[in-house]
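All residue numbers for the sequence shown refer to our numbering, where the first residue is 3 and numbers rise by one.
Where is the CB? At the ideal position from N, CA and C, for every residue including glycine.
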Amino acid sequence: MSEVKEFKTESKRLLDLMINSIYTNQEIFLRELLSNASDAIDKYHYLSLTDEKLAKRNNYEIHIEIDKDSRSITISDNGIGMTYDEINDNLGTIAKSGTLAFMKKLEEQEASDQKNMIETIGQFGVGFYSSFIVSKKVVVETKSPYSEKGYRFTSSGEDTYEIEEIDRQSDGTSITLYLKENVKDEENKIETDFDQYLDEYNIQYLVKKYSDYIRYPITMYLTKEEPKLDEAGKVIENEYDEVRTLTTLNSMIPLWKKNKNDVTEEALNDFYMQKFYDFEKPMLHIMFNVEGNINYNTLLFIPNLPPRNLHSIDYEKGLQLYSKGVFIMDKCKELIPDYLRFVKGVVDSNDLSLNISREMLQQNKVLQLMQKNIEKKILNHLANLQKDDFDKYVEFFKNYGINLKFGAYENYGAKKEMLQDLLIYETLNSSKMLSFKEYTEQMKEGQKDIYYASAKSKEEILAMPQMDVVKKHGYDVLILKDDVDEFLLKVLNKYNDHEFKSINQASLDDLTNEEEKEKIENLQKDHQDLLDALKEALKDQVKDVVFSKRLIDSPVCLVSGDGVSFEMEKVIDAMPTNDKIKAEKILEINPNHELCKALDKVYKESPEDIKDYASLLYNQALLMEGFKPTNSVEFSNLMCKLMIKSIEK
Numbered sequence: 003m004s005e006v007k008e009f010k011t012e013s014k015r016l017l018d019l020m021i022n023s024i025y026t027n028q029e030i031f032l033r034e035l036l037s038n039a040s041d042a043i044d045k046y047h048y049l050s051l052t053d054e055k056l057a058k059r060n061n062y063e064i065h066i067e068i069d070k071d072s073r074s075i076t077i078s079d080n081g082i083g084m085t086y087d088e089i090n091d092n093l094g095t096i097a098k099s100g101t102l103a104f105m106k107k108l109e110e111q112e113a114s115d116q117k118n119m120i121e122t123i124g125q126f127g128v129g130f131y132s133s134f135i136v137s138k139k140v141v142v143e144t145k146s147p148y149s150e151k152g153y154r155f156t157s158s159g160e161d162t163y164e165i166e167e168i169d170r171q172s173d174g175t176s177i178t179l180y181l182k183e184n185v186k187d188e189e190n191k192i193e194t195d196f197d198q199y200l201d202e203y204n205i206q207y208l209v210k211k212y213s214d215y216i217r218y219p220i221t222m223y224l225t226k227e228e229p230k231l232d233e234a235g236k237v238i239e240n241e242y243d244e245v246r247t248l249t250t251l252n253s254m255i256p257l258w259k260k261n262k263n264d265v266t267e268e269a270l271n272d273f274y275m276q277k278f279y280d281f282e283k284p285m286l287h288i289m290f291n292v293e294g295n296i297n298y299n300t301l302l303f304i305p306n307l308p309p310r311n312l313h314s315i316d317y318e319k320g321l322q323l324y325s326k327g328v329f330i331m332d333k334c335k336e337l338i339p340d341y342l343r344f345v346k347g348v349v350d351s352n353d354l355s356l357n358i359s360r361e362m363l364q365q366n367k368v369l370q371l372m373q374k375n376i377e378k379k380i381l382n383h384l385a386n387l388q389k390d391d392f393d394k395y396v397e398f399f400k401n402y403g404i405n406l407k408f409g410a411y412e413n414y415g416a417k418k419e420m421l422q423d424l425l426i427y428e429t430l431n432s433s434k435m436l437s438f439k440e441y442t443e444q445m446k447e448g449q450k451d452i453y454y455a456s457a458k459s460k461e462e463i464l465a466m467p468q469m470d471v472v473k474k475h476g477y478d479v480l481i482l483k484d485d486v487d488e489f490l491l492k493v494l495n496k497y498n499d500h501e502f503k504s505i506n507q508a509s510l511d512d513l514t515n516e517e518e519k520e521k522i523e524n525l526q527k528d529h530q531d532l533l534d535a536l537k538e539a540l541k542d543q544v545k546d547v548v549f550s551k552r553l554i555d556s557p558v559c560l561v562s563g564d565g566v567s568f569e570m571e572k573v574i575d576a577m578p579t580n581d582k583i584k585a586e587k588i589l590e591i592n593p594n595h596e597l598c599k600a601l602d603k604v605y606k607e608s609p610e611d612i613k614d615y616a617s618l619l620y621n622q623a624l625l626m627e628g629f630k631p632t633n634s635v636e637f638s639n640l641m642c643k644l645m646i647k648s649i650e651k
């Protein structure tokens, strides 16, 4: 006896919409059906704990069978099966969710402890209909322990479906998909390949990719070639027998769901290298699980070396996302902030739907909360590493410190409080890199500010004329080597009330005592005509010419105003933009140096020459700061001119 029924919804239109919009990746059908099979076993196991009529089992299994002759794939489980009414409810109505109804029933029973015993996956109705992505006909044979009869459901995914009674003794469900024919173009080339799902090793690959961590064994007979033996049991050369072996395709228990104490370092390293195709062991791993309003397991890795394209626009960040052990997405960028893009790993959540799209992920509040917590866990781990194994932290920072710097700088320093204590720098006086906290703890008595300079080495900083007064006091100086550093310190502004101050900028008055300041100010008044003449000669190039409070041995230097620094100007100049920003330039002259006396003499004896000397001093100062002379040819000619004049005298 069979019965033909119409779908209870606008089945054809909804089915077309679902196949073409929700399931754009056709191979997803296998993930959906395996998830449903796992779901059905979950239900049987739960009910068997409370219903004495149901036999207790320990041989749960999902089996896949390929039949190339009929071009079909069959997925079978020994789970709960379906009654006649359940077939109509779960399969006869598109997007009707048997799983959802089951969970609601548990909620009605207020069985929160029972809910923890079972993890159901996906929405059965929607998941089942994904089979029509690849199938021209689907046949479901099922029997429930609560029904004396078995039933067969047959549909081509159009307006009707057929249900008939069958003689089936075992509880569970078998779904057989009769594959569509390959789609070919006008040149007879295959555009859509459905034959690939008849290849047992491709099916094995898809199970590994999507369903490796389903808790029940997924089995299939795999064909293997083994050497053929003669009657005496010896191998016959170049002859083989095909042997069919029942093989479990999935791992079942994911590493990240095991107890941390049961997971070895070797297992973590092997997992990382295989999962993320790296030849080197990871530098660090972070494993944790969260239970509460949001439940998820996380296993993260920091590679030993940064990927070559880490800072390119082509690099795709993101963590692998799973829902209850079922693979959803390879690189879910919503799980990790951009500055931690180097972190790799997996996140497995019980609170995400299996059928979630990228658009839904971008607006998913659960993911936003997960990202914040994952970020916090990573930073806490790094803080502990910095405290417990500083040498290893230095190794990490040399590889990824620039990422933390960008994280503290971006969005106007929104995360500077979170990240500033993780930043470390080489310094002039210390043999090891220091954090801001360590720098301030080692400050000399009387020091108020944190000093820094941009350079590639300590030697470069020591050679800077601006260092004269800093060396006199013996203060330490942070060595900034990355382009982002000065921008970052501008955003940070202070660390625990200690201002960041560049040795190359104007405001270093605190390094000079009142007596020295008064002396220099009096000298400046006495020689104001000379300074004004130099300033006038350089009016298009400098903001001011002053006597320096920082120079002791050096004759002259160039400093910037309190806004954009010289280093920032160089970085901006190198950017592909027309919006160039120039630093204010101030020429400082050492009033106690012989040069100052010589300039004063030139100004008094031949004031018309002061313009040449001003240009020479300015261009020399530019060279010391790493800038090109304003005009290299004119600069060279001017040097020759003044040398000749000096010799003639």
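By the 10 Å Cβ neighbour count, where 16 or more other Cβ atoms means buried, how is SER504 classified, buried or exposed?
Position 502 of the sequence shown, counted from the first residue, corresponds to residue 504. Buried, by the Cβ-count rule.
Assigned secondary structure, PRO229 (DSSP; H/G/I helix, E/B strand, else coil):
Here residue 229 is taken as the residue at index 227 of the sequence shown, counted from 1. In this structure, PRO229 counts as strand in the three-state DSSP scheme.
Does the separation of the CB atoms of LEU288 and LEU302 fall below 7 Å?
Your numbering for residue 288 matches position 286 in the sequence shown. Your numbering for residue 302 matches position 300 in the sequence shown. With the sequence shown as reference, residue 288 is identified as Ile, and Leu is not the correct amino acid for it. In this structure, LEU302 lies closer than 7 Å to ILE288 by Cβ.
Which class does GLU291 belong to by DSSP, given the choice of helix, strand or coil?
For the purposes of this step, residue 291 is taken as the residue at position 289 of the sequence shown. Inspection of the sequence shows that residue 291 is occupied by Asn rather than by Glu. If DSSP states are grouped into helix, strand and coil, ASN291 belongs with the strands.
Can you check DSSP and say which residues form a bridge with ILE304?
Locating residue 304 in the sequence shown gives position 302, where the first residue counts as 1. ILE304 pairs with LEU286.
Close beta carbons around ILE68, own chain, < 6 Å, minus the five adjacent residues each side:
Mapped onto the sequence shown, residue 68 falls at position 66. Counting only Cβ-Cβ distances below 6 Å, and skipping sequence neighbours, we find ILE75, LEU200, GLU202.
If you follow the beta strand (DSSP E) that VAL396 is part of, which residue opens it and which one closes it?
The sequence position of residue 396 within the sequence shown is 394, counting from 1. Looking at the DSSP string, VAL396 is not in any beta strand (DSSP E); the run it does join, the alpha helix (DSSP H), is 392-415.
Quick one: is ILE426 buried, meaning 16 or more other Cβ sit within 10 Å of its Cβ, or exposed?
Counting from 1 along the sequence shown, the entry for residue 426 is found at position 424. Counting Cβ neighbours within 10 Å, ILE426 comes out buried, since at least 16 surround it.
Comparing alpha-carbon positions, which option in TYR605, ILE205, ASP531 lies nearest PHE31?
Here residue 31 refers to the residue found at position 29 of the sequence shown. That would be ILE205, whose Cα lies nearest to the Cα of PHE31.
CA-CA distance, LEU424 and ALA416?
Within the sequence shown, the letter at position 422 stands for residue 424. Within the sequence shown, the letter at position 414 stands for residue 416. Spanning the two alpha carbons is a distance of roughly 15 Å.
When DSSP labels each residue in this structure, what does PHE130 get in the three-state scheme?
For the purposes of this step, residue 130 is identified with residue 128 of the sequence shown, where counting begins at 1. Of the three classes helix, strand and coil, the one that applies to PHE130 here is helix, per DSSP.
Close beta carbons around PHE290, own chain, < 7 Å, minus the five adjacent residues each side
The residue given as residue 290 occupies position 288 in the sequence shown. Around PHE290: THR300, LYS379.
What residues match up with GLN543 in a beta bridge as DSSP calls it?
Residue numbering aside, residue 543 sits at position 541 when the sequence shown is read from its first letter. In DSSP, GLN543 forms no bridge with anything.
Rounded to the nearest angstrom, what separates LYS450 and LEU553 at their Cα positions?
As a first step, residue 450 must be located in the sequence shown, where it is residue number 448. As a first step, residue 553 must be located in the sequence shown, where it is residue number 551. The alpha-carbon atoms of LYS450 and LEU553 are separated by roughly 20 Å.
Check whether the Cβ atoms of SER550 and GLU590 lie closer than 7 Å to each other.
Your numbering for residue 550 matches position 548 in the sequence shown. Your numbering for residue 590 matches position 588 in the sequence shown. Yes, the Cβ-Cβ distance between SER550 and GLU590 is below 7 Å.
Ends of the beta strand (DSSP E) at THR442?
Locating residue 442 in the sequence shown gives position 440, counting from the first residue. Here THR442 belongs to no beta strand (DSSP E); instead the alpha helix (DSSP H) covers 438-443.
For ARG552, which of helix, strand or coil comes out of DSSP?
The count along the sequence shown starts at 1 and reaches residue 552 at position 550. Looking at ARG552 - three-state DSSP - the assignment turns out to be coil, as it is neither helix nor strand.
Below 8 Å on the Cβ atoms is my contact criterion, and I expect GLY476 with LYS446 to pass it. Report the Cβ-Cβ distance as a whole number of Å.
As a first step, residue 476 must be located in the sequence shown, where it is residue number 474. As a first step, residue 446 must be located in the sequence shown, where it is residue number 444. Between LYS446 and GLY476 the Cβ distance is about 6 Å, and since that is below 8 Å, they are a contact.
Check the C-beta distance from ILE296 over to THR250 and give it rounded, since I have them as a contact under 8 Å.
Position 294 of the sequence shown holds residue 296. Position 248 of the sequence shown holds residue 250. With a Cβ gap of about 32 Å, ILE296 and THR250 do not count as contacting.
DSSP three-state assignment for ARG33, whether helix, strand or coil:
For this step, residue 33 is matched to residue 31 along the sequence shown. In this structure, ARG33 counts as helix in the three-state DSSP scheme.
Using only CA atoms, which one of ILE192, ILE64, VAL472, ALA539 lies nearest to ILE82?
Taking the first residue of the sequence shown as 1, we reach residue 82 at position 80. Among ILE192, ILE64, VAL472, ALA539, the Cα nearest to that of ILE82 is on ILE64.
Can you give me the start and stop residues for the beta strand (DSSP E) that SER351 sits inside?
Residue numbering aside, residue 351 sits at position 349 when the sequence shown is read from its first letter. Start and end: 346-351.
Count the CB pairs spanning the stretch 553-571 and the stretch 485-504 that are closer than 8 Å, and state whether there are at least three.
yes
Nearest-angstrom Cβ-Cβ length linking ASP173 and PRO147, presumed shorter than 8 Å:
What you label residue 173 is simply residue 171 of the sequence shown in a count that begins at 1. What you label residue 147 is simply residue 145 of the sequence shown in a count that begins at 1. Confirmed, Cβ separation roughly 5 Å.
ALA410 and LEU490 - do their beta-carbons sit closer together than 7 Å?
Taking the first residue of the sequence shown as 1, we reach residue 490 at position 488. Taking the first residue of the sequence shown as 1, we reach residue 410 at position 408. Yes.
Measure the C-alpha to C-alpha separation of LEU513 and ASP478 and round it to an integer number of angstroms.
Here residue 513 is taken as the residue at index 511 of the sequence shown, counted from 1. Here residue 478 is taken as the residue at index 476 of the sequence shown, counted from 1. One C-alpha to the other measures close to 13 Å.
How many Å lie between SER137 and TYR180 at the Cα?
As a first step, residue 137 is located in the sequence shown; it is residue number 135 there, counting from the start. As a first step, residue 180 is located in the sequence shown; it is residue number 178 there, counting from the start. Going by the C-alpha atoms only, they are around 5 Å apart.
Spatial neighbours of ASP611 within its chain, please: CB distance less than 6 Å, with the 5 preceding and 5 following residues excluded, ordered by chain position.
Translated into the one-based positions of the sequence shown, residue 611 becomes position 609. Result list for ASP611: VAL604, in chain order.
Does ILE135 pass the burial test, meaning 16 or more other C-beta atoms within 10 Å, or should it be called exposed?
Residue numbering aside, residue 135 sits at position 133 when the sequence shown is read from its first letter. Flag for ILE135 reads buried.
From GLU419 to TYR453, what does the alpha carbon distance come to, in whole angstroms?
In the sequence shown, residue 419 corresponds to position 417, counting from 1. In the sequence shown, residue 453 corresponds to position 451, counting from 1. Distance between the alpha carbons of GLU419 and TYR453 is about 20 Å.
When the Cα atoms are used, what is the spatial distance from ASP316 to VAL348?
Residue numbering aside, residue 316 sits at position 314 when the sequence shown is read from its first letter. Residue numbering aside, residue 348 sits at position 346 when the sequence shown is read from its first letter. So the alpha carbons of these two residues sit roughly 21 Å apart.
Along the alpha helix (DSSP H) that carries ASN90, what are the first and last residues, could you check?
Walking along the sequence shown from the start, residue 90 turns up at place 88. Its alpha helix (DSSP H) spans residues 86-92.
Could you compute how far the alpha carbon of VAL561 sits from the alpha carbon of GLU440?
Counting from one through the sequence shown, the residue named residue 561 turns up at place 559. Counting from one through the sequence shown, the residue named residue 440 turns up at place 438. Going from the Cα of VAL561 to the Cα of GLU440 covers about 28 Å.
Please list, in chain order, all residues of the same chain as TYR212 whose beta carbon is under 6 Å from its beta carbon, the five residues on each side excluded.
As a working note, residue 212 is residue 210 in the sequence shown. Cβ neighbours of TYR212 beyond the five flanking positions: ARG33, PHE329.
May I ask you to report which of helix, strand or coil DSSP gives GLN507?
As a working mapping, residue 507 is identified with position 505 in the sequence shown. Strand at GLN507.
Assess contact between the stretch 481-488 and the stretch 395-411, defined as three or more Cβ pairs (one per stretch) separated by less than 8 Å. Is contact present?
yes
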